[in-house]
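In what follows, a structure is listed as structure tokens, so that the remarks can point back to it.
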Amino acid sequence: MDVTARKSLPDPANKAAFVEAMFDRIAPRYDLLNRICTFNLDQRWRRRAVKLAEIKRHDTVLDLGCGTGDLAEMAAASGARVIGVDPSAGMLSGMKLRGIDARALRADAGCLPLPDNTASVVLSGFALRNFVSIESVFAEITRVLAPGGRIVIIEVDEPTFPPLRWLHDFHFRRIVPAIGRMVSDAEAYRYLPESTVYLPNPREMKTLMERVGWSDIRRIPLFGGVAQILFARRQQSI
Ligand SMILES: C[S@@+](CC[C@H](N)C(=O)[O-])C[C@H]1O[C@@H](n2cnc3c(N)ncnc32)[C@H](O)[C@@H]1O
85 MDVTARKSLP
95 DPANKAAFVE
105 AMFDRIAPRY
115 DLLNRICTFN
125 LDQRWRRRAV
135 KLAEIKRHDT
145 VLDLGCGTGD
155 LAEMAAASGA
165 RVIGVDPSAG
175 MLSGMKLRGI
185 DARALRADAG
195 CLPLPDNTAS
205 VVLSGFALRN
215 FVSIESVFAE
225 ITRVLAPGGR
235 IVIIEVDEPT
245 FPPLRWLHDF
255 HFRRIVPAIG
265 RMVSDAEAYR
275 YLPESTVYLP
285 NPREMKTLME
295 RVGWSDIRRI
305 PLFGGVAQIL
315 FARRQQSI
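Here the working numbering = 1-based position in the sequence shown + 84.
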């Protein structure tokens with residue numbers, strides 16, 4: 085994965101600061117851009133992810149990289165206690181402005197200021213490729229999640245069927261940056277499609293998940309493979 089060859093991607097040493105500043109900038113129009121660029125499918129995918137997590141009133145749910153709180157809002161609707169974690173103050177104030185019933189915790193998912201076994205469910209929507217180290221975040225999830233807890237992650241993906249792959253590529257790499265440039269921030273909407281290079285392929289991802297002690301691992305393609313849900317459970321004993 086040659087991240088330095090891609091102009092829109094930050095120097096690896098500056099990734100955390102670059103990502104935080106970028107999400108602060110795009111926070112005010114983040115929800116609008118999501119709905120436009122996915123034709124509102126993003127909310128359908130989030131609902132599916134939250135349903136898979138089978139959240140109950142007694143659950144404590146962590147939403148890692150919660151942004152403006154789309155997943156947190158759906159999780160809170162089940163009556164669970166929800167903590168939205170994000171380093172971007174701009175995104176967290178978006179969540180507060182929406183009046184979502186969740187605690188906002190400004191922190192890095194790779195180093196959570198939370199005790200062991202805090203949560204029974206961990207959610208994360210479209211945040212994985214922004215983390216500096218996916219391995220460290222997975223290890224941290226294992227620490228804060230109680231044994232048997234559920235993990236549900238949504239991320240972008242690439243369809244394998246060639247015509248759909250071409251169409252998706254055109255939309256994601258040409259149309260989305262053009263809309264981003266007009267409505268929000270040019271640099272950010274060049275970075276967001278390019279940042280897929282940070283994602284391990286499905287085989288590597290499964291290995292990472294197994295290595296930190298997760299089981300019942302499932303990968304669910306969405307809309308012909310333009311996005312994916314990853315489901316797992318933290319093993320009872322590791
Ligand atoms: C593409 S947005 C997704 C927001 C939201 N989950 C959603 O479904 O729309 C990615 C979010 O991850 C956050 N993020 C980036 N790096 C992070 C980190 N190290 N720890 C926690 N969140 C992070 C960003 O600030 C941003 O709000």
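Every residue gets a Cβ at the ideal spot worked out from N, C-alpha and C, and that includes glycine.
Note that the structure is predicted; figures quoted are calculated from it, not measured.
Extent of the continuous alpha helix (DSSP H) to which Ser220 belongs: Taken as a continuous stretch (DSSP letters only), the alpha helix (DSSP H) holding Ser220 covers Ile218 to Val228.
Three or more C-beta pairs below 8 angstroms linking the region 98-116 and the region 163-176: Judged by Cβ distances under 8 angstroms, the region 98-116 makes contact with the region 163-176, as three or more pairs qualify.
Exposure of His142, with buried meaning 16 or more beta-carbon neighbours within 10 Å: With fewer than 16 Cβ atoms within 10 Å of its Cβ, His142 is classed as exposed.
Status (buried if at least 16 other CB within 10 Å, exposed otherwise) for Leu181: Looking at its Cβ environment, which holds fewer than 16 other Cβ atoms inside 10 Å, Leu181 is exposed.
Cys195 (DSSP reduced to helix, strand or coil): Shown here, Cys195 sits in a strand according to DSSP, grouped into three states.
Lys289 versus Pro112: straight-line alpha-carbon distance, rounded: As written in the sequence, residue 289 is Met, which differs from the Lys given in the question. Distance between Met289 and Pro112, taken at the CA atoms: about 32 angstroms.
Neighbour-count burial assignment, Val281, 16 or more Cβ in a 10 Å radius: Residue burial is scored here from C-beta neighbours: Val281 has fewer than 16 other C-beta atoms within 10 angstroms and is therefore classed as exposed.
Near ligand 1: Ala316 beta-carbon under 7 angstroms from a heavy atom: Relative to ligand 1, even the nearest heavy atom lies 7 angstroms or more away from the CB of Ala316.
Cα-Cα separation, Leu229 to Phe102: The alpha-carbon separation between Leu229 and Phe102 amounts to approximately 28 angstroms.
heavy atom of ligand 1 below 7 angstroms from Arg130 C-beta: Remark: the C-beta of Arg130 is in contact range of ligand 1, defined as less than 7 angstroms to any heavy atom.
Under 8 angstroms between C-beta atoms of Gly297 and Arg265: Between Gly297 and Arg265, the C-beta spacing is not below 8 angstroms.
Start-to-end residues for the beta strand (DSSP E) that takes in Gly168: Looking at the DSSP string, the run of the beta strand (DSSP E) that includes Gly168 is Arg165 to Asp170.
Inter-stretch contact (C-beta, 8 angstroms, three-pair minimum) for the region 214-229 and the region 188-197: With a cut-off of 8 angstroms, the region 188-197 and the region 214-229 count as touching, because enough Cβ pairs lie within range.
Unbroken beta strand (DSSP E) run spanning Ile301, endpoints: Counting along the chain, Ile301 sits inside the beta strand (DSSP E) bounded by residues Trp298 to Leu306.
Residue range of the unbroken beta strand (DSSP E) whose run includes Asp115: Where Asp115 is concerned, there is no enclosing beta strand (DSSP E), although the alpha helix (DSSP H) it sits in stretches over Tyr114 to Thr122.
Counted within 10 angstroms of its Cβ, other Cβ atoms place Arg47 as buried (16 or more) or exposed: Examination of residue 47 is not possible in this model, given that the chain is present from 85 through 322 alone.
Buried/exposed call for Ile322, threshold 16 Cβ in 10 Å: So Ile322 counts as exposed.
Val260 versus Ile235: straight-line alpha-carbon distance, rounded: Looking at the two C-alpha atoms, the distance is approximately 29 angstroms.
Any non-hydrogen atom of ligand 1 closer than 7 angstroms to Val361 Cβ: Missing from the structure shown is residue 361; the chain here goes from 85 to 322 and no further.
Any non-hydrogen atom of ligand 1 within 7 angstroms of Phe107 CB: Yes.
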